[in-house]
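For reference, the structure discussed in these notes is given below.
Residue numbers (the working numbering), protein chains in the order written: chain A, 5 to 185; chain B, 22 to 161.
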């Protein structure tokens, strides 16, 4: 069964067909959400909400479009909302507990033993707009054009954000020079 | 390192360069050890990041999503009357609230006195008007 056939089934009221659709795309959505938010409890909620939003709008989905592009766009937008929500609650915490919370974000990558943790922490330290291009282009392997389409920005912007993100990542991972990078 | 060279180098990872640009980059790379090092660093960084698997959802994720959709659909069906009532009257309630506050503000500005009476544009009553005339007669 192709994606389009499943979508047609779901549009016809067969909700159980949607389980198959979710199974097919959950790993890609997980990569986007975890890449954007890091390994946290909220990531799964954001992933779930991504598929629920897609389901709600399935009636408007055009048959010729790639559902993964839409799913990824929803996942990125919801992750950006979550990052904003975290920022707001962090600001509240700073008011309550001084500067203690800021130190979490500026954690030195040298304290992590696992390579994956080091890389994820470095990605987490990027500004959200740079993080999204790194996740889509460098982790998920979307082309530059697809990345631009998902984020609804020009290709030139994707390229400049990628360049700045790489510079920043190199700086963050400097302590691992020769070892990791 | 000059910005133009670096920009070209970075672009080579994300876009197909024209034959002219490719030749230019090859020449730059063979001429500059610094650019070659930058190329190596970028290549290693991108390899590291692309190998990174950020995470995956817990087992039975798809089933949980479908269940959640069913729960939400059931909830929406349970309260259709209440929801349609809210949907129908919400704009009217909002408009009435705005109108009420606008009228109160207008009345307060007009009367130049802050009181419940002036906010509701009640006519000002003198003491004589307020007292019942029959009581006044009895008192006399």
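Positions of the beta carbon are idealized from the N, C-alpha and C atoms, including for glycine.
Starting from residue i, find everything on chain A with Cβ-Cβ shorter than 8 angstroms and list it in chain order.
i            : result
residue 66/B : 170, 173, 174, 177 and 185
residue 28/B : 167
residue 43/B : Within chain A, no residue comes near residue 43/B; the closest Cβ sits about 16 angstroms away, beyond 8 angstroms.
From residue i to residue j, what distance separates their C-alpha atoms?
i             : j             : result
residue 160/A : residue 125/B : 54 angstroms
residue 109/A : residue 24/A  : Because residue 109/A sits at a pLDDT of 48, beneath the cut-off of 50, its placement in the model cannot be relied upon, and the following sentence gives the value as read from the coordinates. Between residue 109/A and residue 24/A, the C-alpha separation is close to 38 angstroms.
residue 142/A : residue 115/B : 48 angstroms
residue 100/B : residue 145/B : 48 angstroms
residue 80/A  : residue 37/A  : 7 angstroms
residue 131/A : residue 65/A  : 31 angstroms
residue 88/B  : residue 158/A : 38 angstroms
residue 167/A : residue 60/B  : 13 angstroms
residue 176/A : residue 125/A : 9 angstroms
residue 151/A : residue 26/A  : 22 angstroms
residue 25/B  : residue 58/B  : 16 angstroms
residue 92/A  : residue 44/A  : 17 angstroms
residue 9/A   : residue 73/A  : 17 angstroms
residue 104/B : residue 63/B  : 56 angstroms
residue 79/B  : residue 75/A  : 19 angstroms
residue 156/A : residue 69/A  : 15 angstroms
residue 178/A : residue 50/A  : 32 angstroms
residue 112/B : residue 123/B : 16 angstroms
residue 137/B : residue 117/B : 19 angstroms
residue 44/B  : residue 180/A : 32 angstroms
In terms of alpha-carbon separation, which member of the options lies closest to residue i?
i             : options                    : result
residue 123/A : 68/B, 40/B, 90/B and 121/B : 68/B
residue 203/A : 15/A, 21/A and 16/A        : No answer is possible for residue 203/A: it lies beyond the span of chain A, which begins at 5 and ends at 185.
residue 86/B  : 29/A, 71/A and 53/A        : 53/A
residue 47/A  : 73/A, 87/A, 13/A and 67/A  : 87/A
residue 71/B  : 94/A, 146/A, 43/A and 26/A : 146/A
residue 60/A  : 45/B, 93/B and 26/B        : 93/B
residue 128/A : 58/A, 27/A, 90/A and 150/A : 90/A
residue 82/B  : 16/A, 30/A and 118/A       : 30/A
residue 42/A  : 94/A, 83/A and 155/A       : 83/A
residue 15/A  : 169/A, 85/A, 78/A and 58/A : 58/A
residue 33/B  : 69/A, 164/A and 35/A       : 164/A
residue 13/A  : 67/A, 51/A and 50/A        : 67/A
Can you list the residues of chain B that residue i reaches, using a CB-CB cut of under 8 angstroms?
i             : result
residue 56/A  : 86, 89, 90 and 93
residue 43/A  : 75 and 76
residue 124/A : 73 and 75
Give me the Cβ distance between residue i and residue j, rounded to the nearest whole Å; I'm assuming they're in contact under 8 angstroms.
i             : j             : result
residue 144/A : residue 32/A  : 7 angstroms
residue 62/A  : residue 11/A  : 6 angstroms
residue 56/B  : residue 49/B  : 6 angstroms
residue 4/A   : residue 134/A : Given that chain A is displayed from residue 5 to residue 185, the structure contains no residue 4/A and the question cannot be resolved.
residue 120/A : residue 77/B  : Wrong, their Cβ atoms sit about 12 angstroms apart, outside the cutoff.
residue 162/A : residue 137/A : 6 angstroms
residue 129/B : residue 135/B : 6 angstroms
residue 42/B  : residue 30/B  : Not a contact, Cβ separation roughly 11 angstroms.
residue 19/A  : residue 96/B  : 15 angstroms between Cβ atoms; not a contact.
According to DSSP, is residue i part of a helix, a strand, or is it coil?
i             : result
residue 142/A : helix
residue 147/A : coil
residue 152/A : helix
residue 171/A : helix
residue 101/B : helix
residue 19/A  : coil
residue 53/A  : helix
residue 77/A  : helix
residue 133/B : coil
residue 12/A  : helix
residue 78/B  : coil
residue 128/A : helix
residue 119/A : helix
residue 145/B : coil
residue 112/B : helix
residue 157/A : coil
residue 66/A  : coil
residue 60/B  : helix
residue 5/A   : coil
residue 38/B  : coil
Could you list which residues in chain A have their beta carbon closer than 7 angstroms to that of residue i, in chain order?
i             : result
residue 63/B  : 170
residue 101/B : In chain order: nothing, as chain A lies at least about 17 angstroms away.
residue 32/B  : 163
residue 83/B  : 23, 26, 27 and 30
residue 162/B : Not covered by the structure: residue 162/B. The range shown for chain B is 22 to 161.
Would you mind telling me which residues of chain B sit closer than 9 angstroms to residue i, beta carbon to beta carbon, in chain order?
i             : result
residue 138/A : 70
residue 20/A  : 87
Run down chain A in chain order and give the residues with a C-beta less than 9 angstroms from the C-beta of residue i.
i            : result
residue 47/B : Within 9 angstroms Cβ-Cβ: nothing; residue 47/B doesn't reach chain A, min ~20 angstroms.
residue 96/B : Result: empty, since nearest Cβ-Cβ is about 13 angstroms, beyond 9 angstroms.
residue 79/B : 48
Counting only Cβ pairs nearer than 7 angstroms, list the residues of chain B close to residue i.
i           : result
residue 5/A : Simply none; closest approach about 15 angstroms.
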